[in-house]
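> First the structure, which I've put down as structure tokens, then a few questions once you've had a look.
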Amino acid sequence: MSLKIVRLLVGLVLLCLSTTAYAEEKAPVAWGPTSATFGPCGLTMPAGKLAVGGNIVFGDSNGVWHKSKRINGNTKGTKFNQVVKLRYGIWDGLDVRTATPIYSVHLDKTNDSDKYLYGVGDTTVLFHQRLLSQKAGDPLSVAFDAGFIMPTGTVSEHSSDAAGNAAWGLMGGIGATYFLDANRFDTEVNYATFAEGGHNYQKGNRLRWNAAYAYAINDNWDVGLESSLEIYDESERNGVMQDDASLEWYAGPKVAYKYKPWGTFAGLTFKAPIERWYEKPKACSDDYRVEFKLIKTFDLGTLFD
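Each number in this note's numbering corresponds to the 1-based position in the sequence shown with 54 added.
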């Protein structure tokens, strides 16, 4: 990552931290993370509440990467992906959520015909159980995730096995959230493993670590930073290991808008790569990502009172 981007990120952190001195006696509350891969970290959904929405993710790339270097400019890639999300509070301290990716990728190849990948990915279903609550007097809020991946993915000549190839999987993780006046800190780590699916392909095990900081300027606006690290083990096709392990770490600033009377949240984040590493040459490694999130909540009442 360039020195200019580092300076920008550091400057934003200092700016956000410096504003804490002006927090009111009753500080506004920052909403949750914006990035598509984020879960709710240490917080749970109120019982009977349903959240509907998701993310739109745009990524742009230029060239083929191997290890930590760009080796040529033979392929340009454009991603326009969506993640449809649902979340429901089953009872106090336990909720369930789903995430279904819908993807569209265009690869513009200099020495070959263009390639288009599109379809629906596999759906993640996770139960989120609270362990600690800062509101109840604990030092911070902590919750854990446990769930599975459902084989909802498209399998065709135009589908992406990495996005989902109709394979089952298991996933677990833990997250934490801490509030200090108008400041909010979130972090979570999760691990997923996958069975073999279509195209005789088995995705490599995945480790994710997310971290975020947000400052509530007022009851409507937040600013902050978000970071997403994703590590994949090598995948397997037809019983043969593919030597394609990878690491991607992206981070950048965000802005969020919340309107409590409508139960609506919208966020926008811009991310640049901090570190990229690919065991095998990789096309379509994003040079930057823009992510937009929109969530609307509804009060359905709970079935378990």
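Where is the CB? At the ideal position from N, CA and C, for every residue including glycine.
Let me know if V111 comes out buried or exposed under the rule of 16 or more other beta-carbons within 10 Å of its beta-carbon.
As a working note, residue 111 is residue 57 in the sequence shown. Buried, by the Cβ-count rule.
> Give me the residue from L97, H160, A200, E345 with the minimum Cα distance to G306.
For the purposes of this step, residue 306 is identified with residue 252 of the sequence shown, where counting begins at 1. That would be E345, whose Cα lies nearest to the Cα of G306.
> When we look at the beta-carbon of G191 and count the other beta-carbons within 10 Å, is it buried (16 or more) or exposed?
Your numbering for residue 191 matches position 137 in the sequence shown. It is exposed - the Cβ of G191 has fewer than 16 other Cβ atoms within 10 Å.
> In three-state DSSP terms, what is P315?
Numbered from its first residue, the sequence shown carries residue 315 at position 261. Three-state result, P315: helix.
> Whole angstroms is fine: what's the gap from T208's alpha carbon to N254's?
Residue mapping note: residue 208 aligns to position 154 of the sequence shown, counting from 1. Residue mapping note: residue 254 aligns to position 200 of the sequence shown, counting from 1. Taking the CA atoms as reference points, T208 sits about 14 Å from N254.
> Buried or exposed, going by whether 16 or more other CB atoms sit within 10 Å of the CB of H182?
To locate residue 182, count along the sequence shown from 1; it is residue 128. Its Cβ being crowded by 16 or more others within 10 Å, H182 is buried.
> Which word fits N264, buried or exposed, when buried means at least 16 other C-beta atoms lie within 10 angstroms of its C-beta?
On the sequence shown, residue 264 is found 210 positions in, with the first residue counted as 1. It is buried - the Cβ of N264 has at least 16 other Cβ atoms within 10 Å.
> Grouping DSSP H, G and I as helix and E and B as strand, with all else coil, what is N292?
Taking the sequence shown and counting its residues from 1, the one referred to as residue 292 is at position 238. The answer is coil: DSSP assigns N292 none of H, G, I, E or B.
> Tell me the residue span of the beta strand (DSSP E) that contains K139.
As a first step, residue 139 must be located in the sequence shown, where it is residue number 85. First-last of the beta strand (DSSP E) with K139: 123–145.
> Output the distance between the C-alpha atoms of A221 and D273, rounded to the nearest integer angstrom.
Residue numbering aside, residue 221 sits at position 167 when the sequence shown is read from its first letter. Residue numbering aside, residue 273 sits at position 219 when the sequence shown is read from its first letter. When rounded, the distance between both Cα atoms is 42 Å.
> Which whole-angstrom value is the C-beta distance of C338 and G131, which I expect to be below 8 Å?
The sequence position of residue 338 within the sequence shown is 284, counting from 1. The sequence position of residue 131 within the sequence shown is 77, counting from 1. Yes, they are in contact, since the Cβ atoms of C338 and G131 sit about 3 Å apart, within 8 Å.
> Comparing C-alpha positions only, which one of Y332, A326, G355, E333 sits nearest to G113?
Counted from its first residue, the sequence shown places residue 113 at position 59. Ranking the options by Cα distance to G113, first place goes to A326.
> With the cut-off set at 8 Å, would you say K350 and G321 are in Cβ contact?
In the sequence shown, the residue the question calls residue 350 occupies position 296. In the sequence shown, the residue the question calls residue 321 occupies position 267. Taking 8 Å as the Cβ cut-off, K350 and G321 do not qualify as a contacting pair.
> Would you mind giving the Cβ-Cβ distance between A84 and D235, rounded to the nearest angstrom? I have them listed as a contact below 8 Å.
Taking the first residue of the sequence shown as 1, we reach residue 84 at position 30. Taking the first residue of the sequence shown as 1, we reach residue 235 at position 181. That pair is no contact at about 10 Å.
> For F239, write down the residues that DSSP places opposite it in a beta bridge.
Reading the sequence shown from its first residue, position 185 is the one you call residue 239. According to DSSP, which records beta bridges pairwise, F239 is partnered with Y232, Y267.
> In three-state DSSP terms, what is E78?
For the purposes of this step, residue 78 is taken as residue 24 along the sequence shown, with counting starting at 1. The pLDDT assigned to E78 is 42, lower than 50, so where the model puts this residue is not dependable; a value taken from the coordinates is nonetheless given after this. In this structure, E78 counts as coil in the three-state DSSP scheme.
> Pull up the distance between the alpha-carbon of L140 and that of G226, whole angstroms please.
Residue numbering aside, residue 140 sits at position 86 when the sequence shown is read from its first letter. Residue numbering aside, residue 226 sits at position 172 when the sequence shown is read from its first letter. Rounded to whole angstroms, the separation of the alpha carbons of G226 and L140 is 18 Å.
> Cutting at 6 Å between CB atoms, please list the residues of its own chain near T231, excluding the five before and the five after it.
Translated into positions along the sequence shown, residue 231 becomes position 177. Cβ neighbours of T231 beyond the five flanking positions: C95, G96, L97, S195, D240.
> Please return the same chain residues whose Cβ sits closer than 7 Å to the Cβ of Y76, not counting the five positions on each side in sequence.
Counting from 1 along the sequence shown, the entry for residue 76 is found at position 22. Any answer about Y76 is weak, because its pLDDT of 42 lies below 50 and its placement is not dependable; what the coordinates show is given next. Closer than 7 Å at the Cβ level, and outside the excluded window around Y76, lies no residue.
> Work out the CA separation of F352 and T129 for me, nearest whole Å.
Translated into positions along the sequence shown, residue 129 becomes position 75. Translated into positions along the sequence shown, residue 352 becomes position 298. T129 and F352: Cα-Cα distance of roughly 44 Å.
> Residues in its own chain within less than 7 Å of W331 by CB, not counting five upstream and five downstream?
Mapped onto the sequence shown, residue 331 falls at position 277. K121, S122, S300, L301.
> Where does T164 land, buried or exposed, given buried means 16+ other C-beta within 10 angstroms?
Position 110 of the sequence shown, counted from the first residue, corresponds to residue 164. The residue in question, T164, is exposed, as its Cβ has fewer than 16 Cβ neighbours within 10 Å.
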